[in-house]
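In what follows, a single structure is set out as structure tokens and then discussed.
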Ligand SMILES: C[S@@+](CC[C@H](N)C(=O)[O-])C[C@H]1O[C@@H](n2cnc3c(N)ncnc32)[C@H](O)[C@@H]1O
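Numbering (the working numbering), first residue to last: 124 to 521.
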């Protein structure tokens with residue numbers, strides 16, 4: 124069970140937070156314990172004073188070292204991660220939430236008034252901010268971070284429901300609809316009523332890319348590199364994420380069945396799979412003599428296939444997105460030939476890089492799918508061009 128301790132001068136603020144919805148359920152199901160500690164109780168001052176005026180003058184009161192140092196000392200263990208809430212800290216992200224959800228003991232220190240004595244930072248592991256604005260205290264930031272962390276603890280929410288959430292894979296979520304099908308003339312997209320799960324998945328993946336491109340292009344830039352020749356997948360980022368998704372249980376299972384595979388992750392340029400026999404002899408070498416192996420993960424064959432398929436799907440999503448961008452730009456002939464060139468290169472790259480992992484049957488299917496997308500794109504572009512020419516002709520005649 125994860126333990127969270129919150130050092131605050133206003134413990135009552137957390138009563139509502141702890142007694143409703145998913146957080147309450149997580150506490151009841153012993154997935155997490157959330158305790159508030161009033162560090163005023165640790166003040167050595169007879170009036171229980173916790174703050175004082177700043178040296179050098181200036182407005183406001185500053186939280187003193189002693190009560191906070193002593194409060195932390197009373198609960199800290201080797202496994203504790205101490206987070207100081209501060210508008211000057213590292214900006215909180217979903218990635219940080221995932222990382223924190225794997226910790227055993229979190230201690231949050233909530234500031235108030237003008238802030239902290241600077242020396243308090245020395246006993247904290249991280250300074251975290253929830254955004255570029257100033258709040259009256261660290262209580263709301265502590266709740267925000269706890270909420271996003273607790274829902275990621277194994278078993279708190281259905282793993283499936285967090286899979287496609289915004290910010291996973293640096294993409295926003297796809298649009299959702301529920302009953303009725305038609306509300307005041309606003310209809311649910313037909314595809315969601317089709318019952319064809321493959322089509323629905325493709326539509327959703329496509330929407331995730333489009334929504335991200337529209338609302339948060341900065342996220343897409345993290346996922347893919349954009350240069351003069353168009354969008355290129357940033358292999359480092361995507362492969363790293365995929366590799367992180369490999370669960371320890373999968374690795375253990377692989378050990379049991381004796382199906383060992385090695386994954387070289389030293390420079391993530393490519394996934395290199397070495398032979399089982401090599402592990403037995405501990406002869407670990409990179410592809411070229413100068414490479415050295417820094418980390419080894421042992422995974423099942425089926426898992427490698429899964430990762431390879433996921434990577435290929437992402438590449439096709441990006442191609443689809445590129446096709447749509449070119450289609451939205453009527454006169455972009457240069458873009459048309461560029462994106463068709465990219466599609467050909469993608470096919471070649473998939474054949475060269477993924478045939479070993481996915482087998483010829485899957486590769487054939489993937490290539491057919493890309494060919495289908497190319498055909499649909501060419502049809503749409505041809506129709507668009509003839510339509511544009513016709514409208515120009517009509518305008519000329521007028
Ligand atoms: C009024 S603020 C102090 C602001 C400080 N004087 C400054 O300008 O950086 C009081 C406390 O609220 C918390 N706080 C305020 N805004 C925050 C934010 N955006 N993220 C995290 N904590 C914040 C911190 O614990 C901070 O010490």
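All C-beta atoms in this analysis are idealised placements derived from N, C-alpha and C, irrespective of residue type, glycine included.
(message) ligand 1 and residue 190: does the residue's C-beta get closer than 7 Å to at least one heavy atom of that ligand?
(response) Flag unset: Cβ of residue 190 not near ligand 1.
(message) Shorter than 7 Å, the distance from the beta carbon of residue 239 to the closest heavy atom of ligand 1, or not?
(response) For ligand 1, a non-hydrogen atom lies closer than 7 Å to the CB of residue 239.
(request) Please go through the segment 126-161 and give each complete beta strand (DSSP E) segment of 3 or more residues, from N-terminal end onward. (result) Correct list: 155-161.
(message) Any heavy atom of ligand 1 inside 7 Å of the beta-carbon of residue 256?
(response) Yes, ligand 1 has a heavy atom inside 7 Å of this Cβ.
(request) Would you check whether ligand 2 has a heavy atom nearer than 7 Å to the C-beta of residue 206? (result) Ligand 2 is absent from the structure shown, which contains only ligand 1.
(request) Evaluate residue 130 with the Cβ neighbour count: other Cβ atoms within 10 Å of its Cβ, from every protein chain shown; 16 or more gives buried, anything less gives exposed. (result) That one is buried.
(message) Which same chain residues end up closer than 8 Å to residue 338 when comparing Cβ atoms and leaving out the 5 residues on each side of it in sequence?
(response) Closer than 8 Å at Cβ, skipping near neighbours: 295.
(message) Looking at ligand 1, does it come within less than 7 Å of residue 182, judged from the CB to the closest heavy atom?
(response) Judged by the Cβ position, residue 182 fails to qualify as a neighbour of ligand 1 at the 7 Å threshold, every heavy atom of the ligand being at least this far.
(message) Could you check whether residue 126 and residue 156 sit closer than 8 Å to each other, using their CB atoms as the reference points?
(response) Result yes, Cβ atoms of residue 156 and residue 126 sit closer than 8 Å.
(message) According to DSSP, simplified to helix, strand and coil, what is residue 190?
(response) Shown here, residue 190 sits in a helix according to DSSP, grouped into three states.
(message) Determine whether the beta carbon atoms of residue 323 and residue 154 lie at a separation below 8 Å.
(response) For residue 323 and residue 154, no; Cβs fall outside 8 Å.
(request) For the alpha helix (DSSP H) holding residue 460, just list the boundary residues, first then last. (result) Per DSSP, the continuous alpha helix (DSSP H) segment holding residue 460 begins and ends at 456-520.
(request) Would you tell me roughly how many angstroms separate the C-alpha atoms of residue 241 and residue 133, rounded to the nearest one? (result) The straight-line gap from Cα to Cα measures roughly 21 Å.
(request) Could you check the C-alpha separation between residue 328 and residue 292 for me, to the nearest Å? (result) If you draw a straight line from the Cα of residue 328 to the Cα of residue 292, it comes to about 11 Å.
(message) On a Cα-Cα basis, can you pick out the residue from 272, 229, 484 that is closest to residue 219?
(response) Check the Cα spacing between residue 219 and each of 272, 229, 484: the tightest is with 272.
(request) Please check the pair residue 238 and residue 260, which I expect to be a contact at CB under 8 Å, by giving their CB distance rounded to whole angstroms. (result) Not confirmed; about 10 Å, so no contact.
(request) Would you kindly work out how many angstroms separate the C-alpha atoms of residue 244 and residue 207, rounded to a whole number? (result) The alpha-carbon atoms of residue 244 and residue 207 are separated by roughly 7 Å.
(message) Taking the straight line between their C-alpha atoms, what separation do you get for residue 464 and residue 139?
(response) Distance between the alpha carbons of residue 464 and residue 139: 57 Å.
(request) Would you check if the distance between the CB atom of residue 252 and the CB atom of residue 308 is smaller than 8 Å? (result) Not closer than 8 Å, so no.
(request) Mark residue 514 as exposed unless 16 or more other C-beta atoms lie within 10 angstroms of its C-beta, in which case mark it buried. (result) Classification for residue 514: exposed.
(request) Pull up the distance between the alpha-carbon of residue 475 and that of residue 297, whole angstroms please. (result) Near 32 Å, if we compare the C-alpha coordinates of residue 297 and residue 475.
(message) Quick check: is any heavy atom of ligand 1 less than 7 Å from the C-beta of residue 253?
(response) Yes, since a heavy atom of ligand 1 falls inside the 7 Å radius drawn around the Cβ of residue 253.
(message) Just checking residue 269 against ligand 1 - is the residue's beta carbon closer than 7 Å to any of the ligand's heavy atoms?
(response) Outside the cutoff, so no.
(request) Output yes or no for whether 8 Å exceeds the beta carbon distance between residue 150 and residue 280. (result) It is not a contact, given that the beta carbons lie outside the stated cut-off.
(request) Drop a sphere of 10 angstroms on the beta-carbon of residue 124, count the other beta-carbons inside from all chains shown, and report buried for 16 or more, exposed for fewer. (result) Residue 124 sits exposed, since fewer than 16 C-beta atoms from the chains shown fall within 10 Å of its C-beta.
(request) Compute the distance between the beta-carbons of residue 442 and residue 481, then report whether it is under 8 Å. (result) Taking 8 Å as the Cβ cut-off, residue 442 and residue 481 do not qualify as a contacting pair.
(message) For a test of the three-state rule: what should DSSP assign to residue 90, helix, strand or coil?
(response) The structure shown does not extend to residue 90, since the chain is modelled only from 124 through 521, so no value can be given for it.
(request) Pick helix, strand or coil for residue 232, following the three-state DSSP scheme. (result) Annotated three-state conformation of residue 232 is strand, per DSSP.
(message) Rounding to the nearest angstrom, what Cα-Cα distance links residue 284 and residue 312 in this structure?
(response) Residue 284 and residue 312: Cα-Cα distance of roughly 21 Å.
(message) Pop quiz: residue 229 and residue 204 are said to be a contact at Cβ under 8 Å. What is the actual Cβ separation, rounded to whole angstroms?
(response) At roughly 5 Å, the Cβ-Cβ gap stays under 8 Å, so residue 229 and residue 204 are in contact.
(request) Assign residue 124 to one of three DSSP states: helix, strand, or coil. (result) Residue state, collapsed to three classes: coil.
(message) What residue range does the alpha helix (DSSP H) around residue 210 cover?
(response) Careful: residue 210 lies outside any alpha helix (DSSP H), inside the beta strand (DSSP E) at 203-214.
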